[in-house]
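Chains as they are written, first to last, in the working numbering: chain C, 1 to 354; chain Y, 355 to 708. Note that the Cβ used here is the ideal one computed from N, Cα and C, for glycine as well. Model, not experiment: these values are computed from the prediction. Structure first, then comments.
There are 2 protein chains.
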Amino acid sequence: MSSFLSAEAAALAPYTPGEQPTDAQYLKLNTNENPFPPSPKVLKAISRAELLKLNLYSDPTCARLGDAIAKRYGLRNENVLTGNGSDEVLGFAFRAFCGAGKGVAFADITYGFYQAQTPLFGLDATRIPLREDFSLRVDDYMEFPGTIVIANPNAPTGMAVPRSDIQRLLEADPGRVVIVDEAYVDFGAESCVPLLFRYNNLLVVQTMSKSRSLAGGRVGFALGAAELIADLNRVKYSFNPYNVNRLSLIAGAAAVEDEPYFRSCCAAIVQAREWTAGELSNLGFAVLPSLTNFLFAKSDRISGGALYHKLKEDGILVRWFDADRIRDYVRITVGSMEQMETLIERLSQLLEES
Amino acid sequence: MSSFLSAEAAALAPYTPGEQPTDAQYLKLNTNENPFPPSPKVLKAISRAELLKLNLYSDPTCARLGDAIAKRYGLRNENVLTGNGSDEVLGFAFRAFCGAGKGVAFADITYGFYQAQTPLFGLDATRIPLREDFSLRVDDYMEFPGTIVIANPNAPTGMAVPRSDIQRLLEADPGRVVIVDEAYVDFGAESCVPLLFRYNNLLVVQTMSKSRSLAGGRVGFALGAAELIADLNRVKYSFNPYNVNRLSLIAGAAAVEDEPYFRSCCAAIVQAREWTAGELSNLGFAVLPSLTNFLFAKSDRISGGALYHKLKEDGILVRWFDADRIRDYVRITVGSMEQMETLIERLSQLLEES
């Protein structure tokens, strides 16, 4: 920290992203990336002709990408805001719907970025503990007077709540915005998108980083009533009007339009997840029920920290959170079947040796 | 605005970017884009192999791009922060170095985005009028107790202050950060980069949108003492850790490494600017002395608004700001010689007709 830092910035507790090593070849199962490359349509769309136009600004309204997303979800362009990854979209939402006297609530165990991002806008954040079994009970949120953020399915647990639970929350207080972060929804959970037609206090946030193989392209989006999206645009045009670059606009549109590829990738990952969960159980792991592209698991034979370090020595990266309640666990991204077989093989050896 | 909007977001006055029409072919001289495509090295660097890796997150530390920029400017990686365009970088700087009791000052006539962005963080912004002739006198800033932002050269006037003026500001109060926005510096003004070796309260912000033909790639960067850059990273990791996507990281590095192409594009634009300024004068325009890739000019035969509208009817887009002090002017991006010849030809006809 320099002596010039503002008090507000000094109070921040920046997020630590998962390791992105460039110095060695790891089997990377630590940041929930998709093991499959982006759709061939993405590769085709980023043509030489498009690269030659990089001297021109991107469309600040992101119209073509917004149209593609709207069409995919049966919505209109006015119901979509796209951003530089869903982290940026979440930032816009926190600024739009929270402030002095209007706090925000989220789970104690959830995507760590909420806790990092909310102080940026001086927000009062309330952390509501998950139950003992890591389940989220929406009843715990019923009386909260501010904005609510629910990652569904949740990270790093992988567990989901049914759509009907979110619906109860939306109905309990129509004057309160509920943000549902569906970063992982395409791997089997119930999306709240169908509720958008009935509730104007619902904002659904999704990303192309996981199910659409575009983590490196940084494309996230929010879906909601036109008025909520207009509010987000208000923030966007005060922060970064050209927030999505030309190539990501093109890549995102091509990805969302290749439904068969998307479905086959998701299906393969779900299949690999179920196989891996079974194998982990066979190895004595306790595995939380996941509807995502990762598994949250613990062994009573080796601590979470030791497992993380040993796997890293073996060239396999998983994510370990040295935090209360979840210190015993590791979060393992579900990759291809081949990658999962390598993982299980190494885990078997490792447990034998320990 | 929805009923859910926070008071803080309601108080925003979002920026209006220049028109980016997609429906017709205009000669676009309104957003200061470079008329030349990006370096051939950029096209080569965005290879099929790189596109196939879009399923993986970008490097949050932007190491490769930071190294390339550092090398170009004789600095170290720790002196560089890269962002999703310089707008994002400016946002990080405002949050890092301003806050309650630590306001920010900038000119009354300058890049309009400062005024749009500072309320996002609830900042107290002081606007210091340029002199009658649109020159900026640094003496007017000497006593200001907060952070200072100077666009140098300034937009939309195109006028620059000498480096020695900034140096006086830096020395007047070593406890105060001076942000010098050098978006247009490569077209002939004196950069403050050499001062970075002597002053730890200087932050230089640059962009690849203008001189490096990457407006659509969204790559901006800040240069400063390692402590200042660490402060910016504190904000970045609280807002969007993966803020630059994979392809922009690659494009930015390739662009900054192609010095000959950069120099030849800048030289061609400077030449076209001088020719165009002369022709505008011949047509009776008053033209401010520009060290940028645009010209700010007015005619006593036609109002700024009328000129903007008539040119648009003719398929030529320029920028007109309907604001005090500058309403009589239009801002004309300097394109290729061919584009400038078309512009001058149309202007001659238009003035004859009026």
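Three-state secondary structure assigned by DSSP to T351 (chain Y): Outside the shown range of chain Y, which is 355 to 708, sits residue 351 (chain Y), and nothing can be said about it.
- prompt: Are the beta-carbon atoms of R218 (chain C) and N384 (chain Y) separated by less than 7 Å?
  reply: no
field: Pick from Y:L444, Y:N431, Y:A364 that is closest to A417 (chain Y), judged by C-alpha positions
entry: Y:N431
- prompt: Where V287 (chain C) and M355 (chain Y) are concerned, what is the direct C-alpha to C-alpha distance, given to the nearest angstrom?
  reply: 45 Å
- prompt: Going along chain C, which residues have a C-beta under 7 Å from E442 (chain Y)?
  reply: N240
- request: Would you check if the distance between the CB atom of L195 (chain C) and the CB atom of G224 (chain C) is smaller than 7 Å?
  value: no
Reduced DSSP secondary structure (H/G/I, E/B, other) of R48 (chain C): helix
query: When DSSP labels each residue in this structure, what does F541 (chain Y) get in the three-state scheme?
result: helix
- prompt: Could you give the distance in angstroms between the alpha-carbon of E171 (chain C) and the alpha-carbon of R163 (chain C)?
  reply: 12 Å
- prompt: When DSSP labels each residue in this structure, what does L649 (chain Y) get in the three-state scheme?
  reply: strand
task: Measure the CB-CB distance between N34 (chain C) and N409 (chain Y) and report whether it falls below 7 Å.
output: yes
query: Looking at S592 (chain Y) and P14 (chain C), is the spacing between their C-beta atoms short of 7 Å?
result: yes
query: Measuring CB to CB, does F36 (chain C) end up less than 7 Å from S248 (chain C)?
result: no
query: Under a three-way DSSP split, which group does Q703 (chain Y) fall into?
result: helix
- request: Measure the Cβ-Cβ separation of L307 (chain C) and V330 (chain C) and say whether it is below 7 Å.
  value: yes
- request: Please determine, among Y:A459, Y:D493, Y:F498, the residue with the shortest C-alpha to C-alpha distance to T480 (chain Y).
  value: Y:A459
- prompt: Which residues in the same chain have their Cβ closer than 6 Å to the Cβ of E227 (chain C), if we skip the five residues on either side of it in sequence?
  reply: none
task: Check whether the Cβ of V589 (chain Y) lies closer than 7 Å to any Cβ atom in chain C.
output: yes
query: Three-state secondary structure (DSSP) at Y411 (chain Y)?
result: coil
Those runs of the alpha helix (DSSP H) which lie wholly inside the stretch 73 to 109 of chain C and span at least 4 residues: 86 to 97
One or two residues paired with G18 (chain C) in a DSSP bridge: DSSP, once it has assigned bridges, lists no residue as partnering G18 (chain C).
- prompt: List, in order along the chain, the chain C residues whose C-beta lies closer than 9 Å to that of C416 (chain Y)?
  reply: Those within 9 Å of C416 (chain Y) in chain C number zero; the least Cβ separation is about 11 Å.
- prompt: Between C98 (chain C) and chain Y, is there a C-beta pair that is closer than 7 Å?
  reply: yes
task: For the stretch 449 to 469 of chain Y and the stretch 125 to 142 of chain C, state whether three or more C-beta atom pairs, one from each stretch, are separated by less than 8 Å.
output: no
query: List, in order along the chain, the chain C residues whose C-beta lies closer than 8 Å to that of V396 (chain Y)?
result: L51, L54
- prompt: Nearest chain Y C-beta to R332 (chain C) closer than 7 Å, yes or no?
  reply: Position check: residue 332 (chain C) holds Ile in this sequence, whereas Arg was assumed. Output row for I332 (chain C): interface = no.
query: In whole angstroms, what is the alpha-carbon distance linking G103 (chain C) and A160 (chain C)?
result: 24 Å
Between the CA atoms of Q117 (chain C) and N154 (chain C) - distance to the nearest angstrom: 17 Å
task: Check the Cβ-Cβ distances between A361 (chain Y) and every residue of chain C, and say whether any is below 7 Å.
output: yes
- request: Using a Cβ-Cβ cut-off of less than 8 Å, give me the residues of the stretch 304 to 322 of chain C that come near chain Y, in sequence order.
  value: none
message: Any beta carbon of chain Y sitting closer than 7 Å to that of I148 (chain C)?
response: no
field: CB contact below 7 Å: E525 (chain Y) versus chain C
entry: no
- request: Starting from the beta carbon of E259 (chain C), find every residue of chain Y whose beta carbon is closer than 9 Å, and list them in chain order.
  value: Result: empty, since nearest Cβ-Cβ is about 18 Å, beyond 9 Å.
message: By alpha-carbon positions, which one of C:A215, C:F197, C:T82, C:C98 ends up nearest to N184 (chain C)?
response: Just to set this straight, residue 184 (chain C) is Tyr in the shown sequence, not Asn. With distances taken between Cα atoms, Y184 (chain C) lies closest to C:A215.
- prompt: Do we get a CB-CB distance below 7 Å when we pair Q339 (chain C) with the residues of chain Y?
  reply: no
- prompt: Smallest Cα separation from Y73 (chain C): which of C:A222, C:Q167, C:L283?
  reply: C:A222
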